[in-house]
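Enquirer: With the working numbering, letter number 29 in the sequence shown gets 29, and the count goes up by one each step, no holes.
Where is the CB? At the ideal position from N, CA and C, for every residue including glycine.
Sharing a structure below in structure tokens format, with a few things to ask.
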Amino acid sequence: MSTSVIDTAVIGAGAAGLTVGKRLAERGASLELFDEHARVGDPWRERYRSLRLFTPRPFISLPGLRLDEGRFAYPTGAQMGDYLERYARHFELPVRTSSRVIAMTRASDGRFRLELASGDEVRAERVVVTTGAHRIPVVPAFARELDPAIRQLHSLDYLGPEQLADGPVLVVGAANSGTDVALEAARNGHAVTLAGRHPGHVPVDIDTPLGNLMAGFFVSRLRRRTIDSPKGRAMRAAVLAHGVMLVRNKPAALDRVGIVQLGRVTGVEGGRPVTADGTGVDAATVVWCTGSRPDLGWIDIDGVVGDDGRPLEVRGIATGCPGLAFVGMPFQYSVASSTLMGMDRDARFVVEALSRAARPAPATV
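Below is the structure:
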């Protein structure tokens with residue numbers, strides 16, 4: 001066991017953490033990034049294998065190193081993981097892998113005290129938390145009432161169709177992950193029911209060159225919708241409540257493979273899932289694509305995390321804890337904040353704000 005003292009600790013070495021690390025390194029800060037995974041990029045490698053990103057390449061490259069997967073290509077999760085690993089090596093960012101932070105408190109000297117699973121301790125003047133918004137699965141309480149014979153998965157645990165039991169599949173949640181899983185299940189011979197509110201969809205086919213360019217235009221407009229404007233604040237409330245619209249998948253694609261679409265699942269009767277209008281659904285497997293939330297339970301400092309499990313922050317700066325910041329939270333500043341296309345803007349703001357706060361007060365005469 002050891003104790004070390006650094007200027008800034010970045011918790012998480014995913015895309016947000018590496019971006020923050022790059023911006024801190026440019027300022028000459030003493031920093032380390034702590035990540036619980038064995039390799040940089042592993043969270044992307046652990047996603048379902050058929051995953052492809054849906055943001056055009058110019059918007060998902062991190063600052064200073066282009067992602068090369070073809071001009072109009074969209075990388076897979078595994079390719080994105082490899083890119084992040086290459087990014088950390090290219091900029092020689094000080095990442096400590098297999099280093100899980102299990103507790104953060106304030107030490108008596110005013111620094112942040114980080115306790116690692118290894119038993120080591122780190123003291124830091126400043127901390128930026130970039131562990132991601134999608135860590136703890138959200139599943140309705142009535143899920144436990146389903147017949148035990150029905151296999152249940154959450155989208156965070158879904159890797160591929162081999163995890164589905166023989167027979168019909170119910171996917172609960174009709175946003176991007178839910179429609180990805182539903183389409184894959186249907187194409188692998190399952191009768192599929194997709195339950196949930198349709199969130200709307202991007203009207204172009206992003207997998208064509210023209211659609212790729214139009215998607216870039218659409219993305220640029222979304223980045224300008226921020227919490228600084230009434231429309232942006234209204235969008236924030238909608239996104240936090242319901243998620244974002246479909247980008248790649250369209251209702252017509254679901255129809256072509258015979259996916260049955262129903263309203264929200266609201267309960268269980270006789271061990272079967274039931275929708276709001278009383279329709280019972282037969283399923284051998286239920287895949288819950290019902291969202292997730294951050295895991296911030298390891299932060300043991302009052303006034304940092306709200307009752308909803310989200311950090312108490314404004315543009316990433318913790319409101320009740322000087323020296324603490326977040327990057328990568330949903331709609332932290334814009335709808336892009338938790339995506340690759342929005343993290344650098346938030347990282348630059350956070351790094352600048354922490355730097356200003358760290359400057360000594362000017363001498364008085």
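My understanding is that V257 touches V169, with C-beta atoms under 8 angstroms, so please give their C-beta distance in whole angstroms.
Expert: Actually they do not touch by this definition, with Cβ atoms about 12 angstroms apart.
Enquirer: Kindly indicate which three-state DSSP category P360 falls into: helix, strand or coil?
Expert: Any reading at P360 must be qualified, since the residue scores a pLDDT of 46, below 50, and its modelled position is unreliable; no value is offered.
Enquirer: Helix or strand or just coil, what does DSSP make of F217?
Expert: Reduced to three states, the DSSP call for F217 is helix.
Enquirer: Under the three-state reduction of DSSP, which class applies to T3: helix, strand or coil?
Expert: Strand.
Enquirer: Would you say R123 and R113 are within 7 angstroms of each other, going by their C-beta atoms?
Expert: Cβ atoms of R123 and R113: closer than 7 angstroms.
Enquirer: Taking G267 as the reference, give the member of V139, D255, V40, E26 with the closest Cα.
Expert: Of the listed residues, the one whose Cα sits closest to G267 is V139.
Enquirer: Let's see if you can read the secondary structure: which residues bound the alpha helix (DSSP H) around W288?
Expert: Taken as a continuous stretch (DSSP letters only), W288 belongs to no alpha helix (DSSP H), being part of the beta strand (DSSP E) at 285–288.
Enquirer: Output the distance between the C-alpha atoms of V95 and V128, rounded to the nearest integer angstrom.
Expert: Each residue's Cα considered, the two are about 14 angstroms apart.
Enquirer: Any chance you could list the beta strand (DSSP E) runs of at least 3 consecutive residues sitting entirely within the region 241–265, in chain order?
Expert: Qualifying beta strand (DSSP E) stretches, in chain order: 260–262.
Enquirer: Which value, in whole angstroms, describes the spacing of the CA atoms of S337 and L51?
Expert: The alpha-carbon atoms of S337 and L51 are separated by roughly 20 angstroms.
Enquirer: Would you say the region 34–42 touches the region 6–21, given that touching needs at least three Cβ pairs under 8 angstroms?
Expert: With a cut-off of 8 angstroms, the region 6–21 and the region 34–42 count as touching, because enough Cβ pairs lie within range.
Enquirer: Count the other CB atoms within 10 Å of the CB of D180; is the residue buried (16 or more) or exposed (fewer)?
Expert: Under this definition D180 is a buried residue.
Enquirer: Return the first residue and the last residue of the alpha helix (DSSP H) that R106 is part of.
Expert: Taken as a continuous stretch (DSSP letters only), R106 belongs to no alpha helix (DSSP H), being part of the beta strand (DSSP E) at 101–106.
Enquirer: What are the boundary residues of the beta strand (DSSP E) that includes H154?
Expert: Segment 151–154, the beta strand (DSSP E) holding H154.
Enquirer: Distance, Cα to Cα, A377 vs R23?
Expert: Because residue 377 is not part of the residues shown, which for the chain are 1 to 365, the question remains open.
Enquirer: Relative to the C-alpha of R144, which residue among R272, D307, I317, S292 is closest?
Expert: Comparing Cα positions, the closest option is R272.
Enquirer: Taking the alpha carbon of F142 as the point to measure from, which residue in S2, V265, T8, M1 has its own alpha carbon closest?
Expert: The shortest C-alpha separation from F142 is found at V265.
Enquirer: Mapping DSSP to helix, strand and coil, what is L114?
Expert: L114 falls in the strand class under three-state DSSP.
Enquirer: Mind checking L210: buried by the 16 CB within 10 Å criterion, or exposed?
Expert: Flag for L210 reads exposed.
Enquirer: How far does the alpha helix (DSSP H) with E121 in it reach, from first residue to last?
Expert: No alpha helix (DSSP H) contains E121, which is instead part of the beta strand (DSSP E) from 121–129.
Enquirer: For R100, tell me which candidate among I206, T193, A117, D308 has the shortest Cα-Cα distance.
Expert: Per the Cα distances, A117.
Enquirer: Note down, in chain order, each residue of its chain lying with its Cβ closer than 8 angstroms to the Cβ of A325, except the 5 sequence neighbours on either side.
Expert: Correct list, in chain order: R126, V127, V128, V129, E313, G316, I317, A318, V350, A353, L354.
Enquirer: Can you tell me which residues form a DSSP beta bridge with F34?
Expert: Beta-bridge pairing links F34 to I11, R96.
Enquirer: Leaving out five residues before and five after R49 in sequence, what residues of the same chain have Cβ atoms less than 7 angstroms from its Cβ?
Expert: If we look at R49 and ignore the five residues flanking it on each side, its Cβ neighbours are L159, G160.
Enquirer: Alpha carbon to alpha carbon, how far is P360 from T76?
Expert: The pLDDT assigned to P360 is 46, lower than 50, so where the model puts this residue is not dependable; a value taken from the coordinates is nonetheless given after this. Taking the straight line joining both Cα atoms gives about 46 angstroms.
Enquirer: Who are the near neighbours of A182 in its chain, counting only those whose CB is closer than 6 angstroms to its CB and skipping five residues on each side?
Expert: Once the five neighbours on either side are set aside, the close Cβ partners of A182 are V171, V192, L194, I259.
Enquirer: Using a threshold of 7 angstroms, state whether the C-beta atoms of A253 and G167 are closer than that.
Expert: No, Cβ-Cβ distance for A253 and G167 is not below 7 angstroms.
Enquirer: Between G119 and M245, which are expected to be in contact by the criterion C-beta below 8 angstroms, what is the C-beta distance as a whole number of angstroms?
Expert: Not a contact, Cβ separation roughly 46 angstroms.
Enquirer: For E269, name the three-state secondary structure that DSSP assigns.
Expert: In the structure shown, E269 sits in a strand (DSSP, three-state: E or B).
Enquirer: Entirely within the region 144–219 and at least 3 residues each: give me those beta strand (DSSP E) ranges in chain order.
Expert: With a minimum length of 3 residues, the continuous beta strand (DSSP E) runs that stay inside the region 144–219 are 151–154, 169–172, 192–195.
Enquirer: For the candidate residues R27, F59, I6, whose alpha-carbon lies nearest to that of R111?
Expert: It is I6 whose Cα lies nearest to the Cα of R111.
Enquirer: Around the C-beta of P217, are 16 or more other C-beta atoms found within 10 angstroms, so that it is buried, or is it exposed?
Expert: Per the sequence shown, the amino acid found at residue 217 is Phe instead of Pro. It counts as exposed.
Enquirer: Look at the alpha carbon of E69 and the alpha carbon of P58, and state the distance between them as a whole number of angstroms.
Expert: The straight-line gap from Cα to Cα measures roughly 11 angstroms.
Enquirer: Assign G17 to one of three DSSP states: helix, strand, or coil.
Expert: Note: G17 maps to helix in three-state DSSP.
Enquirer: Could you tell me the distance, in whole angstroms, from the CA atom of S220 to the CA atom of Y87?
Expert: For S220 and Y87, the distance between alpha carbons rounds to 24 angstroms.
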